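S.K.:
2 protein chains.
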Amino acid sequence: MTIKCVTSVVVGVSSFFLGIWIDRKYREHNISHRIPGFKIFDAVYAESNVVNNQQLVINNEQRVSQIMKYGFPSLDNVRSYNNFVLSYDQRNRIPHWVLEHLTPESVQYNPKVDRALCDFFEDTSIHEFFRATNKDYKHSGFDRGHLAAAGNHKASQELVNQTFVLSNIAPQVGKGFNRDAWNDLEKYVRKKAKNNKNVYICSGPLFLPKKGDDGKLWIKYQVIGDNHVAVPTHFYKIIVTESNKSQFYLECYVMPNQVIPNNIPLKDFQMPLEVIERASGLQFFKRLTLDKFIKLEK
Amino acid sequence: MTIKCVTSVVVGVSSFFLGIWIDRKYREHNISHRIPGFKIFDAVYAESNVVNNQQLVINNEQRVSQIMKYGFPSLDNVRSYNNFVLSYDQRNRIPHWVLEHLTPESVQYNPKVDRALCDFFEDTSIHEFFRATNKDYKHSGFDRGHLAAAGNHKASQELVNQTFVLSNIAPQVGKGFNRDAWNDLEKYVRKKAKNNKNVYICSGPLFLPKKGDDGKLWIKYQVIGDNHVAVPTHFYKIIVTESNKSQFYLECYVMPNQVIPNNIPLKDFQMPLEVIERASGLQFFKRLTLDKFIKLEK
């Protein structure tokens, strides 16, 4: 009787877990096909591993949670890399948003890293109908502007290489913007990262309306190349700083995608968060409630 | 020995399925919190129940699977109703796409249904930053144009009411478009639905570029109201018909959002699927591979 009991219990318990295991295996397979988010993450990692013949993405799930600690602005075509996560706008062939997480360690400059070794490369995880190519930018008159800045990720060659994926890029006016005012804003962020515990930066494009001669509001922007890559009218950067005393600070900037005179101070581009949220259709750092902030943007 | 064997088998098999059942229950709960799509469905149903004091959405999960049988074009802000499912574009305050499933039964006209009793209503499941309002359309000169057509859902007052949610609406030129050419296309779809087993229709906005005097390509569109609701340059309709012999047919149409002369035949607006996919950034009916189609659009 006792032996019968023990056998039944052993068989019962092991069947119970076998059931769970087989069902999970089966469902994982199914879910990865049903919900693109899951599949895409895997696909990106697999693919990233062979970019430029270098081993790239390691231990991703944990890193994505770190970067996205305060919430995803949206879940449309999300792609993840070591130090940044982005959402790709298939209609405009540029990112919706790119979120970086920087620390004093991550922005350390490794003298062996050479930006000149980097090449812009297509994101083959994006369907060819929606994929921006180097050819689209050629002779367009626009720079291939980084959203996650190359200069923020110079701790290793692999990390800086990742920022050259074209899904992290949008057409930017070169002289007077990408190489000047926007670059100054990137340097300002980097300085913050060196002196604080954590800095989270969300960068992206805006398409802002203008009043026409008819008194109506119009959104107008150029598209370049065979794939009609959209040229944003503006770019935003939202910076959340967690100080060494674990206090939070928020600053938001909006810059027009045009030649900006040298003498305009950075603070003139500050903008309330709500303006950027309304214009982009996104909500940022939703998990950080406003009462956590010591200093909000003016 | 035989009894021991039988007991073990019975215990084993039942534990196996008990394991699956408990694990699924537990995981369902978890997944609904991790994947916004699922949670949103629940929220929408809860909210829909009190719209116009009428009991609306019943047995949803199954109905959503029916409507979306051949795949979701995207997963951005999905909302579901009895006869249609939509994805809302928070930046443009109009749908990305609206997918309807029609049958000979569903398009039957119930004489008790009165469209005049319907009021356009705001979608309170959308954050107020991104929500289109009736005020936005007032005095704009544009109609509140249905994507899922009111006329397709006259089997009951509840069903037709659902099509008046503003997340199913986009600004359309009234006379010469919404009330004419676009309406003719809707009637054509309805006729198809009456004579076939199943009709699936995906409708949505397009923002198509035009060559400027400078030789460059520009996208230009008006935005209306305090919430800057985008006025699309064009609208598309993709129609998949499953005939009574279970054969599949595909037709795609693109119409400019402007006064269209009466004498242009419907077939002049036919467009290859790929053109709509490239312009919208979406892929339609992905689960229906092209070899299934008897007749493709020209």
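Taken in sequence, the protein lines are chains A and B. Residue 146 in my numbering sits at position 146 of the first sequence; the count goes up by one each step and never skips. Residue 147 in my numbering sits at position 147 of the second sequence; the count goes up by one each step and never skips. A virtual CB, placed ideally from N, CA and C, is assigned to each residue, including glycine. This one's a predicted model, so the numbers in the text were calculated from it and none came from an experiment.
1. Taking Cβ positions, are SER232(A) and PRO205(A) nearer each other than 8 Å?
2. Out of curiosity, what's the CA-to-CA distance linking PHE304(B) and ASN257(B)?
3. Does the beta carbon of GLN66(A) come closer than 8 Å to any beta carbon on chain B?
4. With which residues is ILE238(B) paired in a DSSP beta bridge?
5. If the cut-off is 8 Å on Cβ atoms, which residues from the stretch 211-225 of chain B count as contacting chain D, listed in chain order?
6. Under 8 Å Cβ-Cβ, which residues of chain A neighbour PRO209(B)?
7. Since ASP341(B) and LEU166(B) are thought to touch, with beta carbons under 8 Å apart, how far apart are those beta carbons, to the nearest angstrom?
8. Can you tell me whether THR241(A) is buried or exposed? The criterion is at least 16 other CB atoms within 10 Å of its CB, across all chains shown.
9. For GLY281(B), I'd like the list of residues in its chain whose CB is within less than 7 Å of its CB, leaving aside the five on either flank, ordered along the chain.
10. Whole-angstrom Cβ separation of ARG190(B) and ALA150(B), contact assumed at under 8 Å?
11. With DSSP collapsed to three states, give me the class of ALA43(A).
12. With a 10 Å radius around its C-beta and 16 neighbouring C-beta atoms as the bar for buried, classify ASN83(A) as buried or exposed.
13. Does the stretch 135-143 of chain A come close enough to the stretch 96-115 of chain A to have 3 or more Cβ pairs within less than 8 Å?
14. May I ask you to report which of helix, strand or coil DSSP gives ASP143(A)?
15. The ligand ZN heavy atoms versus the CB of ASP136(A): any closer than 7 Å?
16. Could one say the Cβ of SER48(A) lies closer than 8 Å to chain B's Cβ atoms, at least one of them?
17. Identify every residue that forms a DSSP beta bridge with TYR88(B).
18. Answer with yes or no whether the minimum CB distance from ASP89(A) to chain B is below 8 Å.
19. Please say whether ALA181(A) and THR163(A) have beta carbons closer to each other than 8 Å?
20. Would you mind telling me which residues of chain A sit closer than 8 Å to HIS127(B), beta carbon to beta carbon, in chain order?
21. Span of the alpha helix (DSSP H) holding ALA193(B)?
22. 8 Å is my cut-off, CB to CB: does LEU75(B) come that close to chain A?
23. Ends of the beta strand (DSSP E) at ILE67(B)?
24. Beta strand (DSSP E) containing TYR221(B): first to last residue?
25. Can you round the beta-carbon distance between GLY176(B) and VAL259(B) to whole angstroms, since I take them to be within the 8 Å contact cut?
M.R.: Let me lay it out:
1. The sequence shown places Pro at residue 232(A), not Ser. Cβ atoms of PRO232(A) and PRO205(A): closer than 8 Å.
2. Lying outside 1 to 298, the shown extent of chain B, residue 304(B) is not represented and no answer is given.
3. no
4. CYS202(B), CYS252(B)
5. Structure shown: chain D not included; protein chains present are A and B.
6. VAL223, HIS228
7. For chain B, the structure presents residues 1 to 298; residue 341(B) sits outside this window and is missing.
8. buried
9. none
10. Contact flag wrong, Cβ pair sits at about 11 Å.
11. For ALA43(A), the pLDDT reaches just 34, beneath the cut-off of 50, and the residue's location in the model is therefore unreliable, leaving the point undetermined.
12. buried
13. no
14. strand
15. Although the ligand ZN was asked about, the structure shown includes no ligands whatsoever.
16. Reliability fails at SER48(A), whose pLDDT of 39 lies under 50, so the model's placement of it is uncertain and the value that follows must be treated cautiously. Cβ-Cβ to chain B under 8 Å: no for SER48(A).
17. PRO95(B)
18. yes
19. no
20. GLN283
21. 181-194
22. yes
23. Run containing ILE67(B): none in the beta strand (DSSP E); it sits in the alpha helix (DSSP H), 60-67.
24. 217-224
25. 3 Å
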